[in-house]
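Only one structure is covered here, and it is reproduced in the block below.
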Amino acid sequence: MGNGFVVPAIVAVTLVTVGIGFYGLRLARTTSDFLVASRAISPTWNAAAIGGEYLSAASFLGIAGLVLKYGVDVLWYPVGFAAGYLALLLFVAAPLRRSGAFTLPDFCELRLGSRRLRILATAFVIFIGWLYLVPQLQGAGLTLATVAGSPYPLGALLVAAVVTANVALGGMRAITFVQAFQYWLKLTALAVPVIFLVLQWQADGRPAVTPPDGLTFRTATTVVVEHRATLTLPNGDIREVRPGDELAFAAGDPVPDVSGVATAASDWLLPSAAGNDDRGLFATYSLILATFLGTMGLPHVLVRFYTNPDGAAARRTTLVVLALVGAFYLLPTLYGVLGRIYTPQLLLSGQTDAVVVLLPGAALGDGTVGRLLAALVSAGAFAAFLSTSSGLLTSVAGVISTDVLGRGSVRGFRLATVIAGAVPTLLALHVSGLDVSQVVGLAFAVAASSFCPLLVLGIWWRGLTDLGAAAGVLVGGGAAIGAVLVTVLGPPLSGWPATLTTQPAAWTVPLAFTVMVAVSVATRRRTPADVAATMLRLHTPETLRM
Amino acid sequence: MQLPDVGSGGAVPPPRRARIVLAEITRQDTRAERTRAELAQQTQIGEALVRGLVRAQLALALRLSLVVAIGLGGLPWLFAIAPSLGRTTVAGVNLPWLLLGVASFPFLIAVGWAYVRLAERNEQDFIDLVQRPER
């Protein structure tokens, strides 16, 4: 690609990120500043920061790619990513803030007074954090490779290095400013090009998204296949393609059917129906459970709540986040839909995650406007990698520095940051075949099957015991982790086993809740003696503080 | 405190009157204080108050999640049993796309807004109960 604007835009985003980081560094003087921004952050800044941190590569690139590929059924991803904040608001936000817990392991110890449960929670925080970090770094590598033609490891290493340095030197205070800036950058980077894209679509005579004769190439296109697939050509011929194969199409040629992709209009346009697609319906409900309940268990989301001054502010902040995130999620769907018209070749090459960065150039041509918008979108994508990775790294490093290294000092936090950043970087360099959105979805499933029951029962049910909590986290979270490992490392499955492992939440979440309640009831005598005092603290307004 | 010697002076009553007024105010204060202390020490009354608040907040959260479970969670099932609904178009766009891609977000925000209002009202009721226990 010969777009001279892309690299300067990415460099600018990186420099501004580092710049704001150092501006924050001058303000960060004490350990408290460093870790929780001294709790001096206003709700609006805090909400923008939470939104900026949350909208990851999966939101910015992944959703549009999935919509392009699978159609209406995957709209549950954005709905679920937003609805997760509603579940967080309803069941967790205010009581968690009032508990005074900074991390999930802190909450375990405060509520149940068990050191061993704390260690278990620490292990899960680190696992979920790394599972979520790997696809961010991979996304960075793939994006830089797509838009600037650089080798894959460069993008991953660049993002990892910038984020690790920024977190280690600036800490949380700097991160808050960086994240808030990046929310608005990401929103702008999708919203401005969409205006031009829709105008271009109007000017092209509103081509149909699902033409009756099937999709066609608008211009002469050469496709380089990236993933093995089976094509069904319009004349009925079946052709196997392998990575590296080149296919040439003339303008107006129909797009062949690709195995595993909803190329046919009806599959793409209409939701899965009962009877002929029960597995699709199960996968949809599994996805809904994972995303609705998983958000509250993501380590980088919870850390943010400590920066609110009190429980009522935590609630209002969450509501603002819900609005900011909801506004953002209106946009990626449009990219996926317009991608059907302007970039159908991505269905063949398998690089659907690239639709957001390639669409402006494909629809608006190679003029200055098209190039500038492509650069803006790439900058937004980089903001997505940088902000989510920073948030994840801060929380994983926080847990490592307090629970593994056992030091609360700034130096300990810096050492932990380097450790926490190195592991996923190595993983991302060696595993490049994973699908960005799928891995993120699995991280949500693990969080929903481990920390969601722990938080909800811990906050609302006096009968929870340390053994019950540990058993629930081990069985439910363990089952979800098992499903993740089978999906990522195991042999390719088909039919029900594939559905049950790629979308495990619908069975692992109820399992976790059931085990947690049953074991707690069986070990009733272990209920903490101070549970009444804890409940008082979690649920009564701060104005009554005694 | 030393009691005044009644036999020697004899002109003491006015300051005493003032003391009774002060005592009234202090006594009113202690009522609220006592309820707070009851909360802090988990006496039966304090425990019942907190249980009531927790139950009210949980019932509110569950009611609103039921609204979302029916309003959004019912959609895949509805589309599955009534496929004709998926083919219905509004302004040229199929209904599922509009419901999921656009309408779901304002719906979620509205539920969240309602929750924040109602939860804060529950807390205000609790504060009123604690600070004016005699009424």
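These protein sequence lines map, in sequence, to chains A and B.
Start counting the first sequence at 1; every next residue gets the next number (the numbering used here).
Start counting the second sequence at 1001; every next residue gets the next number (the numbering used here).
Every residue gets a Cβ at the ideal spot worked out from N, C-alpha and C, and that includes glycine.
Predicted model only: the values in this text are computed from it and were never measured.
query	result
Between the CA atoms of A506 (chain A) and V18 (chain A) - distance to the nearest angstrom	41 Å
Under 7 Å from the C-beta of V1116 (chain B): neighbouring residues of chain A	R315, R316 and L319
Residues of its chain near V261 (chain A), where Cβ-Cβ distance is below 7 Å and the 5 sequence neighbours each way are ignored	K69 and L347
Extent of the continuous alpha helix (DSSP H) to which T425 (chain A) belongs	V410 to H430
Within-8 Å CB hit, Q1057 (chain B) to chain A	yes
Pairwise C-alpha distance: L187 (chain A) and G326 (chain A)	11 Å
Residue range of the beta strand (DSSP E) that includes R239 (chain A)	I238 to V241
Partners in chain B for A312 (chain A), counting only beta-carbon separations shorter than 8 Å	E1120 and E1123
Exposure label - S389 (chain A); buried when at least 16 CB within 10 Å	buried
Proximal residues of chain A, C-beta to C-beta of S1104 (chain B) below 7 Å	V79
Where D1125 (chain B) falls, given that 16 or more other Cβ within 10 Å makes a residue buried	exposed
Cβ pair V356 (chain A), V377 (chain A) closer than 8 Å	yes
Contact set for S395 (chain A): own chain, Cβ-Cβ below 6 Å, skip 5 residues either direction	P299, H300 and V303
Unbroken alpha helix (DSSP H) run spanning E226 (chain A), endpoints	Looking at the DSSP string, E226 (chain A) is not in any alpha helix (DSSP H), and its letter there is neither H nor E.
Buried or exposed (CB count within 10 angstroms, at least 16 for buried), N235 (chain A)	exposed
Under 7 Å by beta carbon: chain B residues contacting M535 (chain A)	V1050 and V1054
Test item: CB-CB of A1119 (chain B) and F91 (chain A) under 8 Å	no
Spatially closest choice to G391 (chain A) from A:R111, A:L88 and A:V162, by CA coordinates	A:V162
Supposed close pair T343 (chain A), A362 (chain A) - CB separation, criterion 8 Å	5 Å
For N46 (chain A), the three-state DSSP class (helix, strand or coil)	helix
R1121 (chain B) versus R1051 (chain B): straight-line alpha-carbon distance, rounded	16 Å
Continuous beta strand (DSSP E) stretch holding L442 (chain A): start and end	No beta strand (DSSP E) holds L442 (chain A); the alpha helix (DSSP H) holding it covers V436 to W460.
Beta-carbon proximity list for L112 (chain A), same chain, < 8 Å, skipping 5 on both sides	G458, L464, T465, D466, A469 and P528
Spatial distance of P1106 (chain B) from R525 (chain A) (CA atoms)	46 Å
Three-state secondary structure assigned by DSSP to A248 (chain A)	strand
Cβ-based neighbour list, T221 (chain A), same chain, cut-off 6 Å, excluding 5 preceding and 5 following	F249 and Q345
For P254 (chain A), the residue or residues it bridges with in DSSP	A:T216
Identity of the residue in A:A48, A:A83 and A:T143 nearest A385 (chain A) by Cα	The question names Ala, but residue 385 (chain A) in the sequence shown is Phe. Checked all of A:A48, A:A83 and A:T143; the closest Cα to F385 (chain A) is A:T143.
S387 (chain A) beta carbon near the ligand SAM (any heavy atom closer than 7 Å)	You won't find the ligand SAM in this model; it holds no ligand whatsoever.
Segment contact flag, the stretch 149–158 of chain A with the stretch 68–84 of chain A, C-beta cutoff 8 Å, min 3 pairs	no
C-alpha gap between A121 (chain A) and V484 (chain A), whole angstroms	18 Å
Rounded separation between V125 (chain A) and V399 (chain A) - CA only	8 Å
Meets three-Cβ-pair contact criterion under 8 Å: the stretch 530–543 of chain A and the stretch 510–518 of chain A	no
Test: P271 (chain A) CB closer than 8 Å to a CB of chain B	yes
Pair within 8 Å by beta-carbon distance, L89 (chain A) and L454 (chain A)	no
Residues sharing a beta bridge with T1089 (chain B), DSSP	B:N1094
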